[in-house]
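So the sequence lines, in the order shown, correspond to chains A and B. When we follow this note's numbering, the leftmost residue of the first sequence carries the number 1, and every step to the right adds one. When we follow this note's numbering, the leftmost residue of the second sequence carries the number 288, and every step to the right adds one. Yeah, the Cβ is synthetic: ideal placement off N, Cα and C, and Gly gets one too. Please read all numbers here as calculations on a predicted model, not as lab measurements.
Protein chains: 2
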Amino acid sequence: MLQLEAQSLEMRIPQATKTAVMVIGGAEDKVHGREILHTFFSRSGAVDAHIAIIPSASREPGIIGARYTSIFGEMGAQKIETLDIREREQCEDPAIRACLENCTGVFLTGGDQLRLCGVLADTSVMEIIRQRVQKGQLTLAGTSAGAAVMGHHMIAGGGSGESPNRSLVDMATGLGILPKVIVDQHFQNRNRMARLISAIAAHPDRLGIGIDEDTCAMVEGDGWLQVMGKGTVTIVDPGDACYTNQSDIGANDPISLHNLRLHILSHGDRYHLHQRNVLAPVHQLPS
Amino acid sequence: MLQLEAQSLEMRIPQATKTAVMVIGGAEDKVHGREILHTFFSRSGAVDAHIAIIPSASREPGIIGARYTSIFGEMGAQKIETLDIREREQCEDPAIRACLENCTGVFLTGGDQLRLCGVLADTSVMEIIRQRVQKGQLTLAGTSAGAAVMGHHMIAGGGSGESPNRSLVDMATGLGILPKVIVDQHFQNRNRMARLISAIAAHPDRLGIGIDEDTCAMVEGDGWLQVMGKGTVTIVDPGDACYTNQSDIGANDPISLHNLRLHILSHGDRYHLHQRNVLAPVHQLPS
Chain A
1 MLQLEAQSLE MRIPQATKTA VMVIGGAEDK VHGREILHTF FSRSGAVDAH IAIIPSASRE
61 PGIIGARYTS IFGEMGAQKI ETLDIREREQ CEDPAIRACL ENCTGVFLTG GDQLRLCGVL
121 ADTSVMEIIR QRVQKGQLTL AGTSAGAAVM GHHMIAGGGS GESPNRSLVD MATGLGILPK
181 VIVDQHFQNR NRMARLISAI AAHPDRLGIG IDEDTCAMVE GDGWLQVMGK GTVTIVDPGD
241 ACYTNQSDIG ANDPISLHNL RLHILSHGDR YHLHQRNVLA PVHQLPS
Chain B
288 MLQLEAQSLE MRIPQATKTA VMVIGGAEDK VHGREILHTF FSRSGAVDAH IAIIPSASRE
348 PGIIGARYTS IFGEMGAQKI ETLDIREREQ CEDPAIRACL ENCTGVFLTG GDQLRLCGVL
408 ADTSVMEIIR QRVQKGQLTL AGTSAGAAVM GHHMIAGGGS GESPNRSLVD MATGLGILPK
468 VIVDQHFQNR NRMARLISAI AAHPDRLGIG IDEDTCAMVE GDGWLQVMGK GTVTIVDPGD
528 ACYTNQSDIG ANDPISLHNL RLHILSHGDR YHLHQRNVLA PVHQLPS
């Protein structure tokens with residue numbers, strides 16, 4: 001009887017939605033299970049969600065905005081707005097600011113991460129997003145280019161099929177939501193290990209995170225990252241690195257980088273971004 | 288005066304050639320500096336070298352045998368023989384056995400590692416090579432397919448552009464010259480990190496070594512590996528690995544593999560295969 005009363009009480013008080021930062025490796029399932037997008041919808045408040053889609057990375061913001069609007073609409077989100085920000089001046093638009101002050105989820109689409117940063121970096125709109133994410137008032141997701149911008153140092157482009165070298169990766173400044181990480185996306189799909197290593201050799205005070213397609217590194221407020229989706233999340237941790245020749249060599253010379261810690265994580269694995277330790281899914285621990 | 292006498296004495300006594308096992312990532316320079324091939328020539332005794340070329344991995348053994356014969360001939364090797372072994376029965380040929388009993392260097396060319404192992408594995412000829420390598424009587428080099436066969440477990444084929452998974456790599460049994468390692472070659476050039484990780488997840492008691500093109504991991508008798516050439520040697524050390532889901536998942540499911548040690552080594556870097564520690568070139572250590 002006491003138990004029943006407690007349950008009844010619980011049901012009347014809506015649980016606060018647990019927000020997160022969702023870093024998606026691109027090409028997330030938009031058709032079938034939609035696990036990652038549905039998690040974003042849930043973490044944004046489910047049927048109570050007020051979602052803002054920012055398609056500024058894309059060359060076709062209208063089309064991509066409509067696509068995600070349709071998806072989150074089918075899931076039942078209460079309110080969905082596409083903020084078609086193409087110029088920095090639009091960041092002063094009171095309607096856009098009001099939307100971002102009130103929404104419960106922000107979704108950054110794919111496209112070109114340099115375009116996205118060019119429009120959003122150091123704007124008051126970005127400051128609203130950053131502060132509300134920090135306070136746990138907002139779930140922020142970014143896919144592909146929208147994932148690349150999460151760190152302070154951002155991989156803007158690069159190549160593959162070469163020994164790690166300085167010219168294999170182009171770095172720029174990101175939006176700094178997770179300032180200590182350097183994100184790479186479409187990771188194993190586009191063979192980007194060498195360019196992530198090249199980036200980490202230049203910034204060994206950061207943590208490298210490579211995210212495969214249809215895969216998400218979901219970061220909770222307490223620093224735990226959890227993997228969901230079909231691929232892997234690769235962690236390149238230079239915390240104990242003891243040597244690199246990075247600053248002594250030519251741009252095309254091969255990089256030395258000694259004593260990295262490497263984790264290959266798949267669905268359900270957890271990693272703590274600050275403690276830098278890893279946990280397997282509970283059900284797979286030895287019983 | 289004493290010093291001069293000592294020098295003179297030293298010059299009269301030919302220094303014993305220091306043999307090595309040279310694991311070459313394929314596409315080694317055959318035209319210009321020829322650093323790697325010249326080192327093989329030197330380690331085989333230089334102008335006193337008696338070199339046996341085994342082109343059995345190749346579909347065109349005659350052409351590839353002639354190519355290396357010409358290269359080592361230009362360097363001044365005293366004697367060069369191409370052992371065109373196409374069938375296992377040839378391994379009983381007294382002439383072939385005699386050559387391998389007496390030569391100072393054996394060079395395994397590229398081609399198909401399965402063909403090479405099919406002809407040589409568990410033959411008396413292979414036993415001669417293995418024993419003379421162990422005794423330090425012979426420098427053994429293998430490039431591409433000739434490198435792949437060095438371990439007990441051998442990567443026979445595989446793919447790239449996917450999350451690490453069991454079906455991404457085909458394993459077979461190699462020639463076991465360096466039994467504790469799993470070698471992959473054309474490594475960063477063909478984006479093979481995911482397949483090497485997939486191989487190591489299945490064999491976490493081994494050490495993964497990925498060798499780029501025109502790059503050599505030269506292993507001395509004391510276990511020190513030294514890098515030479517234009518690219519990198521990637522060491523994937525699962526010695527402290529604490530978890531993998533490898534045996535619990537489907538063939539195409541993504542692999543978890545936690546707590547690997549990763550080293551990216553370039554020219555002059557050294558790594559000890561048994562102690563599993565790494566050294567930068569002396570001249571680059573802090574003074």
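Give the residues of chain A in contact with residue i, contact being defined as C-beta atoms less than 8 Å apart.
{"i": "ARG548 of chain B", "result": "ASN259, LEU260, ARG261, LEU262"}
{"i": "GLY448 of chain B", "result": "GLN188, ASN189, ARG190, ASN191"}
{"i": "PRO451 of chain B", "result": "GLN188, THR232, ILE264"}
Following the continuous beta strand (DSSP E) through residue i, name the residue where it begins and the one where it ends.
{"i": "GLN90 of chain A", "result": "Run containing GLN90 of chain A: none; DSSP gives neither H nor E here."}
{"i": "GLY158 of chain A", "result": "153-158"}
{"i": "MET150 of chain A", "result": "Run containing MET150 of chain A: none; DSSP gives neither H nor E here."}
{"i": "PHE394 of chain B", "result": "392-395"}
Given a cut-off of 9 Å on the beta-carbon distance, is the pair residue i and residue j in contact?
{"i": "GLY208 of chain A", "j": "VAL227 of chain A", "result": "no"}
{"i": "ARG340 of chain B", "j": "ILE367 of chain B", "result": "It should be noted that the sequence gives Ile, not Arg, for residue 340 of chain B. Taking 9 Å as the Cβ cut-off, ILE340 of chain B and ILE367 of chain B qualify as a contacting pair."}
{"i": "HIS267 of chain A", "j": "PRO348 of chain B", "result": "no"}
{"i": "SER450 of chain B", "j": "ALA481 of chain B", "result": "yes"}
{"i": "CYS503 of chain B", "j": "ALA428 of chain B", "result": "yes"}
{"i": "GLY461 of chain B", "j": "HIS490 of chain B", "result": "no"}
{"i": "LEU387 of chain B", "j": "THR430 of chain B", "result": "no"}
{"i": "ARG493 of chain B", "j": "ASP527 of chain B", "result": "no"}
{"i": "ILE64 of chain A", "j": "GLY111 of chain A", "result": "yes"}
{"i": "ARG374 of chain A", "j": "GLY221 of chain A", "result": "An answer regarding residue 374 of chain A cannot be provided, because it is not within the stretch 1 to 287 covered by chain A."}
{"i": "VAL23 of chain A", "j": "MET218 of chain A", "result": "yes"}
{"i": "GLN275 of chain A", "j": "GLY229 of chain A", "result": "no"}
Residue i versus chain B: which residues are under 8 Å apart at the beta carbon?
{"i": "VAL278 of chain A", "result": "CYS529, TYR530, HIS545, ASN546"}
Near residue i, which residues of its chain fall below 6 Å by C-beta distance, leaving aside the five closest residues on each side in sequence?
{"i": "GLY105 of chain A", "result": "SER44, ALA49, ILE51, THR139"}
{"i": "ASN252 of chain A", "result": "ASN165, SER167"}
{"i": "ALA314 of chain B", "result": "GLU500, ASP501"}
{"i": "ILE487 of chain B", "result": "GLY495, VAL523, PRO525"}
{"i": "ASN546 of chain B", "result": "ASP527, ALA528, CYS529"}
In angstroms with no decimal places, state the Cα-to-Cα distance between residue i and residue j.
{"i": "PHE72 of chain A", "j": "SER485 of chain B", "result": "36 Å"}
{"i": "MET413 of chain B", "j": "ILE469 of chain B", "result": "19 Å"}
{"i": "GLY405 of chain B", "j": "ASP457 of chain B", "result": "16 Å"}
{"i": "HIS38 of chain A", "j": "GLY25 of chain A", "result": "16 Å"}
{"i": "GLU87 of chain A", "j": "PRO94 of chain A", "result": "15 Å"}
{"i": "PRO466 of chain B", "j": "ASP556 of chain B", "result": "22 Å"}
{"i": "ASP371 of chain B", "j": "TYR355 of chain B", "result": "13 Å"}
{"i": "GLY158 of chain A", "j": "SER247 of chain A", "result": "19 Å"}
{"i": "GLU361 of chain B", "j": "ASP316 of chain B", "result": "15 Å"}
{"i": "ALA408 of chain B", "j": "GLY33 of chain A", "result": "48 Å"}
{"i": "GLN137 of chain A", "j": "ILE36 of chain A", "result": "20 Å"}
{"i": "LEU273 of chain A", "j": "ARG346 of chain B", "result": "51 Å"}
{"i": "PRO568 of chain B", "j": "LEU512 of chain B", "result": "12 Å"}
{"i": "ASP184 of chain A", "j": "ASN245 of chain A", "result": "22 Å"}
{"i": "THR304 of chain B", "j": "GLY448 of chain B", "result": "43 Å"}
{"i": "CYS390 of chain B", "j": "LYS422 of chain B", "result": "14 Å"}
{"i": "VAL565 of chain B", "j": "LEU403 of chain B", "result": "32 Å"}
{"i": "GLY250 of chain A", "j": "THR19 of chain A", "result": "44 Å"}
{"i": "THR82 of chain A", "j": "LEU257 of chain A", "result": "43 Å"}
Enumerate in chain order the residues of its own chain whose CB-to-CB distance from residue i is below 7 Å, with the five nearest sequence positions on each side excluded.
{"i": "ASN189 of chain A", "result": "ASP212, GLU213"}
{"i": "GLN90 of chain A", "result": "ILE96"}
{"i": "GLN113 of chain A", "result": "ALA57, ALA145, ALA148, VAL149, MET154, ALA156"}
{"i": "ILE551 of chain B", "result": "THR519, THR521"}
{"i": "ILE177 of chain A", "result": "VAL21, ARG130, VAL133, LEU140, MET150"}
{"i": "PHE187 of chain A", "result": "GLY25, GLY210, ILE211, ASP212, THR234"}
{"i": "THR123 of chain A", "result": "ARG88, CYS91"}
{"i": "PHE328 of chain B", "result": "ALA336, PHE359, MET362, ALA364"}
{"i": "ILE415 of chain B", "result": "ARG384, LEU387, GLU388"}
{"i": "PRO55 of chain A", "result": "PRO61, ILE64, GLY65, THR82, ASP84, THR109"}
{"i": "TYR558 of chain B", "result": "LEU512, ILE522, HIS550, LEU552, VAL565"}
Could you list which residues in chain B have their beta carbon closer than 9 Å to that of residue i, in chain order?
{"i": "ILE63 of chain A", "result": "Near ILE63 of chain A there are no residues of chain B at all, since even the closest Cβ is about 27 Å away, more than 9 Å."}
{"i": "PRO179 of chain A", "result": "Result: empty, since nearest Cβ-Cβ is about 24 Å, beyond 9 Å."}
Residue i touches chain B at which residues, Cβ-Cβ below 7 Å?
{"i": "LEU265 of chain A", "result": "SER543"}
{"i": "ALA194 of chain A", "result": "GLN475"}
Taking C-beta pairs closer than 7 Å, name the residues in chain A that residue i reaches, listed in chain order.
{"i": "ASP316 of chain B", "result": "Here the premise fails: no neighbours, minimum Cβ distance about 14 Å."}
{"i": "ILE484 of chain B", "result": "ILE264"}
Between residue i and the rest of its own chain, which residues show a CB-CB distance below 8 Å, the 5 nearest in sequence each way excluded?
{"i": "VAL47 of chain A", "result": "GLY76, ALA77, GLN78"}
With residue i as the anchor, note down where its alpha helix (DSSP H) starts and where it stops.
{"i": "HIS32 of chain A", "result": "Segment: none, HIS32 of chain A is in no alpha helix (DSSP H) and carries neither H nor E."}
{"i": "GLU368 of chain B", "result": "Where GLU368 of chain B is concerned, there is no enclosing alpha helix (DSSP H), although the beta strand (DSSP E) it sits in stretches over 366-369."}
{"i": "GLY208 of chain A", "result": "Careful: GLY208 of chain A lies outside any alpha helix (DSSP H), inside the beta strand (DSSP E) at 207-211."}
{"i": "THR69 of chain A", "result": "61-75"}
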